[in-house]
Structures are given as structure tokens and as C-alpha cells.
Amino acid sequence: MDVQSRELTVTYNIVPPPSAVAPPSLSQETTHRFPITSPPDLESQEDTESELKKYYTSLRASIAEARTKLGGELTAWRDAVGNAELGKEKSVKTEVDDEGEEEENTEE
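Counting in numbering that gives the first Met the number 0, the sequence shown runs from 0 upward without gaps.
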């Protein structure tokens with residue numbers, strides 16, 4: 000029985016604006032690997048269910064670890080970039096649905 004190694008791999012490449020000064024602890028290109036326990040091929044139904052539970056528990060733990068790690072790093076990048084990116088986002092005005100308001104008022 001050959002159990003394959005599985006992992007959750009996350010890669011990002013940050014391209015900060017020229018005016019941003021990032022601390023040396025932040026890397027612009029990063030790849031993280033989070034191991035996931037692979038379920039072995041089993042014969043009985045009980046063993047398979049037990050191993051699948053272990054697999055999904057390992058998968059959830061890897062996702063949580065990735066989320067925490069990336070969240071911290073991307074927050075640090077956001078703080079380093081600061082307000083330099085504010086002008087790049089398009090502001091979209093939301094329109095008020097007058098018909099929806101009229102319907103709400105007539106129901107009362």
C-alpha cells in the first residue's frame with residue numbers, strides 16, 4: 000500500500016506600489032505548504048469511515064493553519080502599503096431601489 004503525500008499549497012506574489020516601504024521580514028513572493036494526512040485504502044467500511052474522519056480533520060486543520068498564516072502575512076502587507084492603494088479602487092455608488100421601498104410601505 001503506497002500512501003501518497005498530500006498537501007495544501009498556497010502561493011502569492013505581492014506587487015506593492017513604488018511608494019510603499021515594506022519591512023525586510025516581508026517577502027513579495029511566498030509559497031506555503033501545509034501537510035494533509037492521506038487516507039489509506041482500507042477494506043472494511045468501519046475502517047474507511049474512521050480514516051475519512053481523520054483525513055477531513057487533518058484537512059480542516061491545514062486550512063485553518065493556512066488561513067491564520069496567510070491572514071497574518073497579508074495584514075502585514077496591508078499595513079506596510081498603507082493608503083497608497085486607495086486611489087486604485089473604483090468607487091461604485093449603490094442605487095436605492097425605490098420600488099422596494101414602496102412595497103415595504105404599502106404592506107404596513
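Note that the Cβ used here is the ideal one computed from N, Cα and C, for glycine as well.
Tell me which residue opens and which closes the beta strand (DSSP E) that residue i is part of.
i, result
"I35", "28 to 35"
"R9", "For clarity, residue 9 is Val in the given sequence; the question names Arg instead. Start and end: 5 to 12."
Give the straight-line distance between the Cα atoms of residue i and residue j, rounded to the nearest whole angstrom.
i, j, result
"D46", "T30", "34 angstroms"
"S37", "E50", "9 angstroms"
"S57", "T10", "20 angstroms"
"G70", "W76", "10 angstroms"
"S18", "G81", "10 angstroms"
"V2", "E48", "With a pLDDT of only 48 at V2, under 50, the local geometry of the prediction cannot be trusted, and no value is derived from it."
"E6", "E72", "20 angstroms"
"P16", "A60", "34 angstroms"
"I35", "V20", "36 angstroms"
Can you tell me which of the options puts its alpha carbon nearest to the alpha carbon of residue i?
i, options, result
"I13", "E28, Y54, Y55", "E28"
"R66", "F33, Y54, L25, A21", "F33"
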